[in-house]
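Shown next, in structure tokens, is the structure this report addresses.
2 protein chains.
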Amino acid sequence: MMKAVLDARQSVHDPKHALLSGKVIQCREQPERIDVLHKAAVAAGCEFSPPRDHGRAPLAAIHSPEYLAFLETIHQRWSRLKDASNEVIPNIHPANRSCSYPTGPVGQAGYHQADTACPIAAGTWDAAYWSAQTALSAADLVMDGADAAYALCRPPGHHAFGDLAGGFCYLNNAAIAAQHFLMAGFRPAIMDIDVHHGNGTQGIFYDRDDILTVSIHGDPANFYPFFWGHAAERGTGRGLGYNLNIPLPFGTDDAAFLIALETALHRIKTNGSNVLVVSVGLDPHEDDPFEAFKVTTPGFARIGAAITALGLPALHVQEGGYLQPALGDNLTSFLRGVQRK
Amino acid sequence: MMKAVLDARQSVHDPKHALLSGKVIQCREQPERIDVLHKAAVAAGCEFSPPRDHGRAPLAAIHSPEYLAFLETIHQRWSRLKDASNEVIPNIHPANRSCSYPTGPVGQAGYHQADTACPIAAGTWDAAYWSAQTALSAADLVMDGADAAYALCRPPGHHAFGDLAGGFCYLNNAAIAAQHFLMAGFRPAIMDIDVHHGNGTQGIFYDRDDILTVSIHGDPANFYPFFWGHAAERGTGRGLGYNLNIPLPFGTDDAAFLIALETALHRIKTNGSNVLVVSVGLDPHEDDPFEAFKVTTPGFARIGAAITALGLPALHVQEGGYLQPALGDNLTSFLRGVQRK
Numbered sequence: 038m039m040k041a042v043l044d045a046r047q048s049v050h051d052p053k054h055a056l057l058s059g060k061v062i063q064c065r066e067q068p069e070r071i072d073v074l075h076k077a078a079v080a081a082g083c084e085f086s087p088p089r090d091h092g093r094a095p096l097a098a099i100h101s102p103e104y105l106a107f108l109e110t111i112h113q114r115w116s117r118l119k120d121a122s123n124e125v126i127p128n129i130h131p132a133n134r135s136c137s138y139p140t141g142p143v144g145q146a147g148y149h150q151a152d153t154a155c156p157i158a159a160g161t162w163d164a165a166y167w168s169a170q171t172a173l174s175a176a177d178l179v180m181d182g183a184d185a186a187y188a189l190c191r192p193p194g195h196h197a198f199g200d201l202a203g204g205f206c207y208l209n210n211a212a213i214a215a216q217h218f219l220m221a222g223f224r225p226a227i228m229d230i231d232v233h234h235g236n237g238t239q240g241i242f243y244d245r246d247d248i249l250t251v252s253i254h255g256d257p258a259n260f261y262p263f264f265w266g267h268a269a270e271r272g273t274g275r276g277l278g279y280n281l282n283i284p285l286p287f288g289t290d291d292a293a294f295l296i297a298l299e300t301a302l303h304r305i306k307t308n309g310s311n312v313l314v315v316s317v318g319l320d321p322h323e324d325d326p327f328e329a330f331k332v333t334t335p336g337f338a339r340i341g342a343a344i345t346a347l348g349l350p351a352l353h354v355q356e357g358g359y360l361q362p363a364l365g366d367n368l369t370s371f372l373r374g375v376q377r378k
Numbered sequence: 038m039m040k041a042v043l044d045a046r047q048s049v050h051d052p053k054h055a056l057l058s059g060k061v062i063q064c065r066e067q068p069e070r071i072d073v074l075h076k077a078a079v080a081a082g083c084e085f086s087p088p089r090d091h092g093r094a095p096l097a098a099i100h101s102p103e104y105l106a107f108l109e110t111i112h113q114r115w116s117r118l119k120d121a122s123n124e125v126i127p128n129i130h131p132a133n134r135s136c137s138y139p140t141g142p143v144g145q146a147g148y149h150q151a152d153t154a155c156p157i158a159a160g161t162w163d164a165a166y167w168s169a170q171t172a173l174s175a176a177d178l179v180m181d182g183a184d185a186a187y188a189l190c191r192p193p194g195h196h197a198f199g200d201l202a203g204g205f206c207y208l209n210n211a212a213i214a215a216q217h218f219l220m221a222g223f224r225p226a227i228m229d230i231d232v233h234h235g236n237g238t239q240g241i242f243y244d245r246d247d248i249l250t251v252s253i254h255g256d257p258a259n260f261y262p263f264f265w266g267h268a269a270e271r272g273t274g275r276g277l278g279y280n281l282n283i284p285l286p287f288g289t290d291d292a293a294f295l296i297a298l299e300t301a302l303h304r305i306k307t308n309g310s311n312v313l314v315v316s317v318g319l320d321p322h323e324d325d326p327f328e329a330f331k332v333t334t335p336g337f338a339r340i341g342a343a344i345t346a347l348g349l350p351a352l353h354v355q356e357g358g359y360l361q362p363a364l365g366d367n368l369t370s371f372l373r374g375v376q377r378k
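If you read the sequences in order, they're chains A and B. Residue numbers for the first sequence follow this note's numbering, beginning at 38 and rising by one. Residue numbers for the second sequence follow this note's numbering, beginning at 38 and rising by one.
Set out below in structure tokens:
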């Protein structure tokens, strides 16, 4: 039996539109994912409970007050624009974050949304809030002695920076949980196995040496998030050397992924970390709609087992992995691997 | 009689789509503008000739080689993407320009296009190239002794930075012409009267004191380009004090605009500039679809006359002003004012 956390309010975020390659498409991060992942986690022996509300302080420890105010209020303010869409999708972006902070909704949307794949509708703030509380509450379970816990976070979080939404993500659940561990006296590391680089997580901790960030992902040369995720990005200032990126080519299979994972976990071991936050993406799978890697369903069990073999208590935070027939089986396989003794 | 320049190849850029307030709309910067503006300039006594090809050197004096390569090749490369739109429209943006330079088309689109209102199709590069040549050739007419010349540049240019397209603009025609004057020994100033802030022009010369940039425009607090155009933006380093922004409220009329113009022209006078590049936007008009200012058709004659009264030779470069019944009359009025003795 493995403890897990989920809150029903995470379903109210139901994004409809995204702009991809210049065309409007249906957003892939659908609320139906929750049902599939919930059943799959139960099948792997998870016992779910609802989160406790930790309030805003743990969110504000990671995200800027401007950004949190934006997320909570922008949909209402955007809706007052003439001919506005139902969802907030930015149409202009600053060339750098040091130019002026805009006061109006269109400017703020561009300032705080890195891309056109993080639409904000009426339910987005509530869902993101409870997704973060889910991660925090699952972290509590680990602090209370569980070897591992699963946070069914949705919307996901690892593309969200301190002041920037992006790629289906609004609040960085893994970062919020890692900071929660840090403030409780732990020395956390974040291991991101989503097929997309955890750019938000990297960005949040880029100049810090107290939370190690490691990510295995598709080479950003031609894959989302494009601007981040290269091996040369190693952190800055005190944080230099505390960010490890392992970009892998399209078509990466189980064997190649597991070799990279070995490198990643060894780095975490040498860091002296005593708790692990895993950003669990199921989109490295061979049938995921993003079509980057060729990890198999049994491969996820081996990945989960390798992480557990590191011997650290671990919080598993759900990130990506999209609707396709094997989505649930992939999570079941992963969580069974995590629990393998 | 006033000399003017136009090239037929500027019409091949025919943008279809833009994303505004989250919805796909028709791009307002239509090739039909050329016919309207051409007739209007002729009505004001302009005599048109085609541009001379100055090659790429004057473009590369303003724009980065990466950006020029992007503009010229991106449509072809984008078209090879699976399910790509006919026009290049970015879907992800870097949070700052110092992160890695992407190699693929989607990343490069986000890096080099500041917004979703600068779609790039097959004819965009050619049209932008000849629009810049038009500005350069009209600058030559002024260097050769004309009191004033009109460059019917389209696509417009003042939102284009050194490495960034935006707001219907690709190559910054006014900046390219000003640099052309500088390299011929002049001391140029740029006066931007478009209703939108000339953010690209400002950005290009922001750390320089050799080309003064002045802009009168709608307050960016709630108007495009949102991130730039505030009065506090005064230049940086050597350029501090060499950028003047005069943001004005929605509803600004002839009288208020002319008072701001007096301040702007006085700053140019104290600068010792000996040639003027005017970014001529006709969108301050009361019936322009952007609905910001309430300048009248006769008001444009007064604006043109005030600029001429400064006593400097002037290159008038077309920027914005969109299809509406008075568009042509506004240009005719402005150019008649320019020629008033």
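Ideal Cβ positions, reconstructed from N, Cα and C, are used throughout, including at glycine. Owing to the predicted nature of the structure, the values given are computational and were not obtained by experimental measurement.
What does a CB cutoff of less than 7 Å around A/D149 pick up in its chain, not counting 5 residues either side in sequence?
The sequence as given places His at residue 149 of chain A; Asp does not occur at that position. Here the set comprises Y104, F107, D200, L201, A202.
Excluding the 5 residues preceding and the 5 following B/F242 in the sequence, name in chain order all residues of the same chain whose CB lies nearer than 6 Å to its CB.
I248, T250
State the start and end residues of the unbroken beta strand (DSSP E) segment that holds B/V317.
312 to 317
Could you tell me if the beta carbon of A/A159 falls within a distance shorter than 6 Å of some heavy atom in the ligand PLP?
Absence of the ligand PLP is noted for the structure shown, with no ligands found whatsoever.
Identify the residues that DSSP records as bridge partners of B/S252: which are they?
B/D229, B/N282
Which residues, taken in chain order from the segment 202 to 225 of chain B, show a beta carbon closer than 9 Å to some beta carbon of chain A?
G203, G204
Output needed for A/P222: all residues of its chain with C-beta closer than 7 Å, excluding positions within five of it in sequence on either side, in chain order.
Looking at the sequence shown, residue 222 of chain A is not Pro but Gly. Cβ neighbours of A/G222 beyond the five flanking positions: none.
Using only the alpha-carbon positions, how far apart do A/R224 and A/A176 sit?
13 Å
Taking only three categories from DSSP, how would you classify B/Y187?
B/Y187: strand per DSSP, three-state reduction.
Element boundaries [beta strand (DSSP E), containing A/M39]:
39 to 42
Is there a Cβ of chain C sitting closer than 7 Å to that of B/K53, yes or no?
Among the protein chains in the structure shown, which are A and B, there is no chain C.
Taking C-beta to C-beta, are B/V232 and B/G255 nearer than 7 Å?
Yes, Cβ-Cβ distance for B/V232 and B/G255 is below 7 Å.
Would you say the segment 137 to 155 of chain A touches the segment 115 to 124 of chain A, given that touching needs at least three Cβ pairs under 8 Å?
Contact between the segment 137 to 155 of chain A and the segment 115 to 124 of chain A is present, because at least three Cβ pairs lie under 8 Å.
Confirm, please, whether the CB-CB distance from B/A185 to B/V314 is below 7 Å.
no
Interface residues of the segment 57 to 73 of chain B facing chain A [CB-CB below 9 Å]
L57, S58, G59, K60, V61, I62
Span of the alpha helix (DSSP H) around B/F107
If you look at B/F107, you'll find it in the alpha helix (DSSP H) that goes 102 to 116.
Determine the DSSP secondary structure at A/Q150, reduced to helix, strand or coil.
strand
Between the C-alpha atoms of A/R377 and A/A121, what's the straight-line distance to the nearest angstrom?
51 Å
Can you confirm whether B/C155, when its beta carbon is compared against all beta carbons of chain A, has any partner nearer than 7 Å?
no
Compute the Euclidean distance between the alpha carbons of A/P329 and A/T289, then round it to the nearest angstrom.
A quick correction: the sequence has Ala, not Pro, at residue 329 of chain A. Going by the C-alpha atoms only, they are around 8 Å apart.
Could you name the residues of the segment 91 to 123 of chain A whose beta carbon sits closer than 9 Å to any beta carbon of chain B, in the order they occur along the chain?
W115, L118, K119, D120, A121, S122, N123
Would you say B/A258 lies against chain A (beta-carbon separation less than 7 Å)?
yes
To the nearest whole angstrom, what separates the beta carbons of A/L347 and A/K306, a pair I think is in contact under 8 Å?
7 Å
With a Cβ-Cβ cutoff of 7 Å, do A/L319 and A/L368 count as a contact?
yes
So B/R134 contacts chain A; which residues on that side make the cut at Cβ distance below 8 Å?
A132, N133
If you check the beta carbons only, do A/T334 and A/D366 fall under 7 Å apart?
Between A/T334 and A/D366, the gap from beta carbon to beta carbon is short of 7 Å.
Chain B partners of A/N144, CB-CB under 7 Å?
First, the residue type needs correcting, since residue 144 of chain A is Gly and not Asn in the sequence shown. Result: F263, F264.
DSSP three-state assignment for A/I305, whether helix, strand or coil:
In the three-state reduction of the DSSP assignment, A/I305 falls in the helix class.
Contacting residues, own chain, Cβ-Cβ under 7 Å from A/K76 (five flanking each side not counted):
G365
Any beta carbon of chain A sitting closer than 7 Å to that of B/I305?
Taking a beta-carbon distance threshold of 7 Å, B/I305 does not count as an interface residue toward chain A.
For A/Q67 and A/C155, what's the separation of their Cα atoms in angstroms?
12 Å
Excluding the 5 residues preceding and the 5 following B/R65 in the sequence, name in chain order all residues of the same chain whose CB lies nearer than 7 Å to its CB.
P326, Y359
Return the residues of the segment 307 to 318 of chain A that lie within a Cβ-Cβ distance of less than 7 Å from chain B, sorted by chain order.
none
Would you tell me roughly how many angstroms separate the C-alpha atoms of B/G237 and B/G266, rounded to the nearest one?
10 Å
Taking the straight line between their C-alpha atoms, what separation do you get for A/L277 and A/N209?
21 Å
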